Amino acid sequence: MPAPQWLPAWSRDEGAERVRALFGRTFHDDGETGPVPGTPAGVWSAPGRVNIIGEHTDYNSGLCLPTALPHRTYVALRPREDDVVRIASAQTDEPWTIRLADVRAGSVSGWGVYVAGVAWALREAGHAVRGFDAVIDSCVPFGASLSSSAAIECAFAVAFDDVFGLGLGGSDLGRAQLVAAARRAENEIAGAPTGGLDQSASLLCTEGEALLLDFRPGLPADAFAQHVPFDLASAGLNLLVVDTRAPHQLVDGQYADRRASCDTAEAYLGLETLRDIDPADLDATLDRLAPFDVEDSLRRRVRHVVTEIERTAEFAALVREGLGADGVVDEERAARAGALMNASHASLRDDYEVTVLETDLAVDTCVAAGAIGARMTGGGFGGSTIALVRAGDVETVAAAVAEAFAAQGLTAPGFLAAPPSAAAGRDA
Ligand code: GLA
446 MPAPQWLPAW SRDEGAERVR ALFGRTFHDD GETGPVPGTP AGVWSAPGRV
496 NIIGEHTDYN SGLCLPTALP HRTYVALRPR EDDVVRIASA QTDEPWTIRL
546 ADVRAGSVSG WGVYVAGVAW ALREAGHAVR GFDAVIDSCV PFGASLSSSA
596 AIECAFAVAF DDVFGLGLGG SDLGRAQLVA AARRAENEIA GAPTGGLDQS
646 ASLLCTEGEA LLLDFRPGLP ADAFAQHVPF DLASAGLNLL VVDTRAPHQL
696 VDGQYADRRA SCDTAEAYLG LETLRDIDPA DLDATLDRLA PFDVEDSLRR
746 RVRHVVTEIE RTAEFAALVR EGLGADGVVD EERAARAGAL MNASHASLRD
796 DYEVTVLETD LAVDTCVAAG AIGARMTGGG FGGSTIALVR AGDVETVAAA
846 VAEAFAAQGL TAPGFLAAPP SAAAGRDA
């Protein structure tokens with residue numbers, strides 16, 4: 446039987462040490478006696494995220510409930526006086542260079558889009574961001590729908606905030622501006638038409654809490670992002686993440702296609718946003734779409750969005766009431782939370798059609814092996830799943846998934862423990 450491959454998070458000290466050492470090797474200062482290792486002005490990091498529930502709702506002005514992962518992307522950075530950017534990662538030998546004045550859609554490729562994009566967006570918003578030398582290293586799995594790109598954007602956003610004195614990182618209100626810049630980088634420079642879930646999670650989540658995000662336009666910061674205590678350990682629970690290693694891409698058109706369906710449905714219904722559909726009127730609303738919807742796909746997309754927003758509100762209410770205490774699971778509430786996760790996955794599979802064989806297999810296997818509930822997380826079309834598991838069942842559930850993947854000849858999945866962790870910030 447294959448042993449589950451665990452993907453542990455680095456400690457903050459270890460992450461900081463890695464990028465400091467890498468910075469020293471990459472950027473040499475000319476000392477009096479010759480080149481000496483360069484020293485960064487500091488180290489910053491930002492987490493990947495898991496979305497507990499509320500999928501494909503952010504761009505429909507709906508609700509999402511993410512937590513931050515303990516897995517983070519680390520940045521060591523030193524500002525420059527000019528507008529030259531030199532960046533390197535643990536995976537590249539030579540620093541990659543661009544002038545900030547030259548950053549525009551299409552001018553940058555690779556992971557540099559996320560870095561140059563955030564600097565560009567902050568400058569567009571009127572902030573005095575100059576050039577910099579920086580290196581990154583990360584233990585967030587890439588391309589696993591755990592927001593590895595948002596982790597890069599947000600680690601640089603907090604680094605820029607500090608070294609260029611923007612004064613935004615100290616409050617949720619200021620951080621909302623960093624979220625906006627990171628999101629513009631993703632949408633306009635990286636070209637991925639995503640909503641704001643990932644960047645909000647990476648910049649606003651708190652340790653031991655979930656973040657209830659309400660994307661209805663125009664809400665004040667404290668109504669947009671509410672912190673909800675989510676102490677899984679004291680509830681006797683764990684969140685098990687399975688990186689199914691099925692390749693995942695948000696710029697390949699499928700994600701944009703789902704967004705376009707929502708826009709089309711809004712236009713037919715004469716609505717600003719699908720959030721405006723009253724769940725009590727869902728059936729009547731879907732009937733109004735029927736004449737325009739021969740294949741029944743628009744109605745299923747709309748049904749997913751409306752029911753998912755309801756599920757997210759109910760899940761958040763259960764979390765507020767508490768899924769357990771003193772290490773003892775509240776069976777009734779946990780069972781209801783699990784049922785909501787399972788229903789979310791079914792809706793993403795059947796109505797929104799964004800799951801794949803690997804995510805369906807991981808979810809079904811987790812539930813069959815004793816998870817209280819499970820679902821895919823993130824954009825879909827591959828990527829990761831999450832399961833709510835009794836603390837004592839984690840190893841059994843992980844082993845069952847590893848075995849099911851091996852039995853089908855699939856690439857071995859990776860497993861992550863995901864206690865709700867802290868947002869982006871300074872490490873050293
Ligand atoms: C990706 C996007 C988010 C969100 C999710 C689906 O993670 O980046 O904005 O739309 O998919 O919930």
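One gets our numbering by counting positions in the sequence shown from 1 and adding 445 to each. From the three backbone atoms N, C-alpha and C, an ideal C-beta is built for every residue, glycine too. No experiment lies behind these values; they were computed from the predicted model shown.
Any non-hydrogen atom of the ligand GLA closer than 7 Å to residue i Cβ
i, result
"HIS501", "yes"
"ASN505", "no"
"THR876", "Because the chain is modelled from 446 through 873, residue 876 falls outside the range shown and cannot be assessed."
"SER490", "no"
"SER789", "no"
"ASN874", "This structure cannot settle anything about residue 874, because the visible part of the chain is limited to 446 through 873."
"SER590", "yes"
"ASN683", "no"
"GLY824", "yes"
Residue i: CB within 7 Å of a non-hydrogen atom of the ligand NAP
i, result
"LEU642", "The ligand NAP is not part of this structure, which contains only the ligand GLA."
DSSP beta-bridge partners of residue i
i, result
"PHE577", "PRO524, VAL530"
"MET821", "THR830"
"ARG494", "ALA513"
"ASP582", "TYR519"
"TRP451", "PHE860"
"GLN671", "LEU657"
"LEU508", "ASP659"
"LEU685", "ALA832, ALA862"
"LEU499", "Position check: residue 499 holds Gly in this sequence, whereas Leu was assumed. Answer is none; GLY499 lacks a bridge partner."
"ILE927", "With the chain represented from 446 up to 873, any question about residue 927 goes unanswered, as that position is not in the structure."
"LEU729", "A quick correction: the sequence has Ala, not Leu, at residue 729. Looking at the DSSP assignment, ALA729 forms no beta bridge with any residue, so it has no partner."
"GLY769", "VAL774"
"ARG871", "TRP489"
"ALA691", "GLY828"
Residue closest to residue i, alpha-carbon to alpha-carbon, out of the options
i, options, result
"ALA845", "PHE605, ASP809, GLY818", "ASP809"
"ALA486", "PHE468, PHE675, PHE760", "PHE468"
"ALA701", "PRO724, ASN632, THR752, LEU682", "ASN632"
"ALA807", "TYR797, ASN787, ASP796, ASP795", "ASN787"
"GLY838", "ARG704, GLU798, ASN683", "In the sequence under discussion, the amino acid at residue 838 is Asp, which differs from the Gly named in the question. Ranking the options by Cα distance to ASP838, first place goes to ASN683."
"PRO453", "VAL481, ALA780, LEU861", "LEU861"
"GLY641", "ASP667, ALA782, GLU753, TYR504", "TYR504"
"ARG549", "LEU510, ALA680, LEU611, VAL563", "VAL563"
"ARG781", "THR800, GLU798, LEU802, ARG756", "ARG756"
"ILE532", "SER554, ALA513, LEU591", "SER554"
"ALA637", "ASP527, TRP556, ILE497, TRP455", "TRP556"
"GLY876", "LEU677, THR752, ALA561", "With the chain represented from 446 up to 873, any question about residue 876 goes unanswered, as that position is not in the structure."
"ASP676", "PRO864, PHE669, VAL464, VAL481", "PRO864"
"ALA857", "PRO674, GLY507, THR689, SER866", "THR689"
"LEU656", "VAL495, LEU567, GLY828", "VAL495"
"ARG820", "THR471, GLU500, PRO692", "GLU500"
"GLY769", "TYR519, ARG835, VAL580", "ARG835"
"VAL574", "ARG523, GLY663, ALA461", "ARG523"
Burial state of residue i (16 or more Cβ within 10 Å)
i, result
"SER792", "buried"
"ARG661", "exposed"
"GLU740", "exposed"
"MET900", "Here the chain has residues from 446 to 873 only, and residue 900 is not among them."
"PRO449", "buried"
"TRP565", "buried"
"ASP708", "exposed"
"LEU743", "buried"
"PRO665", "exposed"
"PHE737", "exposed"
"TRP451", "exposed"
"GLU598", "buried"
"PRO515", "buried"
"HIS473", "exposed"
"LEU685", "buried"
"VAL880", "Nothing in the structure corresponds to residue 880, since the chain is present only between 446 and 873."
"GLU569", "exposed"
"LEU802", "exposed"
"VAL608", "buried"
"PRO674", "exposed"
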